[in-house]
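Going by this note's numbering, the first residue of the sequence shown is number 6, and it counts up by one from there.
Accompanying notes for the structure given below.
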Amino acid sequence: KISPADEAILSDMGPEAIRREIASHSSAIFKLLEVVTFLNCRECTYLEERDNARRELQVLAKKLEESEASCEGYREQHRT
């Protein structure tokens with residue numbers, strides 16, 4: 006609902022002034038949408054990189070565990 010004060014302002018404005026005002030606000034909205042789209046894309050890239058790093062961490066943790074077990078086995082085998 007439009008407030009009485011805004012209604013009075015709109016009544017005083019001519020059609021061209023209203024069109025310019027709408028165009029100005031529409032332009033601002035489109036710029037804002039561009040920024041949101043850009044930031045959303047960056048966030049998606051960040052999340053993908055984070056997920057890849059987590060998967061790689063799991064693989065490396067498993068390799069470390071296997072290496073430690075292998076090293077321990079080697080030490081047991083060559084104990085004097």
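The beta carbon of each residue, even a glycine, is placed where N, CA and C say it ideally should be.
Span separating the alpha-carbon of residue i from that of residue j
i	j	result
E70	Q63	11 Å
T42	E61	29 Å
C76	L65	16 Å
A22	S16	11 Å
S29	F35	10 Å
M18	E12	10 Å
A10	S32	24 Å
K6	L44	32 Å
R59	L52	11 Å
E73	C46	40 Å
Boundaries (first-last residue) of the alpha helix (DSSP H) holding residue i
i	result
G78	P20 to Q82
I14	P9 to D17
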